[in-house]
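Undergrad: After the structure tokens below, expect a handful of questions from me.
If you want it as structure tokens, here you go:
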């Protein structure tokens, strides 16, 4: 702005500022603000004036808002072409320059953040995060804004505060435009190194030194790789791309999970022994229940009906009650009790095996219900 004024304007500025006018009054308020806060960055929105650093009452908020609006208008007037009636007078430019007024705050902020990014990339070798310890990180937030502006710029949408010159500047320092793809590539290279060292890709947290984040990524890739093999490739969220799958194949990636060198795959759906025992009512472990189930299977295999079932149950109940009476009369020591339980457990196991074998011979899926 200095080139627009001459020596005469410099000398007459003080006199012109002494004249009574609204502009000169607002200038004095800005000078006071600069003296108190050390800068002239007054925002139109009072909530964004963080440099105030204290609670403000309604009148002070109104004053800050009016001052911020005036500052914005000053910048607009300074950009008006020569000959425009609203163009900022030369003495006003000189006066504001003396305060250190920022004529292009948005551009200067961009350049300042760009310098911070350049330094961060040199020191850390990667893009800054958006959050650090659950707190917003200004540099990471700024980088996300550049990504949004870049998408708008490429799609031709309005409101993209970025130019090809700025894009080139960001490319020069290694700005990452595809964050997701870049992160995938970094993790892939790490998995590739893991495979070269250990001979497999099962880099779960228990195998990779306790890195849960990387282990979780590997687990997700197993699921995505399986979806890709099955042709379920409609969504990148659920499947690998063809290029990613090709890279995985190069290192022998497998969607199966390995534990102690053994591949674990999802077992076929088969009823387990506890479910069989529950279906027959055998989990109570009584010999009577086991005998009943065995007799029913044998009856079905011989073509007999269930007419004798009630007699068998009554007989078994009698035997059970008689066994209980004998147990009450005989005082067994602790070792005898332990041996008795051990024998009962063996008997239960043998009877369950016998019942299941008989069932497979008869071809019945449910000997109790006959289904």
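In the working numbering, the protein residues as written are 854 to 1224.
Note that the Cβ used here is the ideal one computed from N, Cα and C, for glycine as well.
Given the structure is predicted, the values throughout are model-derived calculations rather than measurements.
(1) Taking only three categories from DSSP, how would you classify residue 984?
(2) Just list the residues that DSSP pairs residue 989 with in beta bridges.
(3) Beta carbon of residue 1040, beta carbon of residue 1071: below 9 Å?
(4) In the structure shown, what three-state DSSP assignment does residue 957 receive?
(5) Report the rounded CA-to-CA distance for residue 1074 versus residue 1068, giving the unit in angstroms.
(6) Under the rule that 16 or more other beta-carbon atoms within 10 Å means buried, what is residue 873, buried or exposed?
(7) Let me confirm a value: residue 972 is counted as buried when at least 16 other C-beta atoms fall within 10 Å, else exposed. Which label applies?
(8) Could you pull the start and end residues of the alpha helix (DSSP H) that residue 1073 belongs to?
(9) Which same chain residues, not among the five before or five after residue 1022, have their C-beta less than 7 Å away from its C-beta?
(10) Buried or exposed, going by whether 16 or more other CB atoms sit within 10 Å of the CB of residue 866?
(11) Quick check on residue 1085: does DSSP put it in helix, strand or coil?
(12) Over what stretch of residues does the alpha helix (DSSP H) that includes residue 1047 continue unbroken?
(13) Check each candidate in 1051, 879, 884 and 1102 and name the one with the smallest Cα separation from residue 951.
(14) Who are the near neighbours of residue 1078 in its chain, counting only those whose CB is closer than 7 Å to its CB and skipping five residues on each side?
(15) Do residue 1020 and residue 1003 have their beta-carbon atoms positioned less than 9 Å apart in this structure?
(16) Starting from the C-beta of residue 879, find all residues in its chain whose C-beta is less than 6 Å away, skip the five residues before and the five after it, and write them out in chain order.
(17) Grab me the residues of residue 1065's own chain with a C-beta within less than 6 Å of its C-beta, minus the 5 sequence neighbours each way, in chain order.
(18) Taking residue 1026 as the reference, which of 911, 935 and 977 has the closest Cα?
(19) What number of angstroms, rounded off, separates the C-alpha of residue 935 from the C-alpha of residue 1001?
(20) Buried or exposed, going by whether 16 or more other CB atoms sit within 10 Å of the CB of residue 945?
(21) Would you kindly check if the distance between the Cβ of residue 941 and the Cβ of residue 930 is under 9 Å?
(22) Near residue 869, which residues of its chain fall below 7 Å by C-beta distance, leaving aside the five closest residues on each side in sequence?
(23) Whole angstroms is fine: what's the gap from residue 1032's alpha carbon to residue 1053's?
(24) Specify the secondary structure class of residue 862 as computed by DSSP and reduced to three states.
TA: The relevant details are as follows:
(1) strand
(2) 984
(3) yes
(4) coil
(5) 10 Å
(6) exposed
(7) exposed
(8) 1065-1082
(9) 967
(10) buried
(11) coil
(12) 1032-1051
(13) 884
(14) 1093, 1098, 1101, 1106 and 1108
(15) yes
(16) 923
(17) 1058
(18) 977
(19) 35 Å
(20) buried
(21) yes
(22) 944
(23) 27 Å
(24) helix
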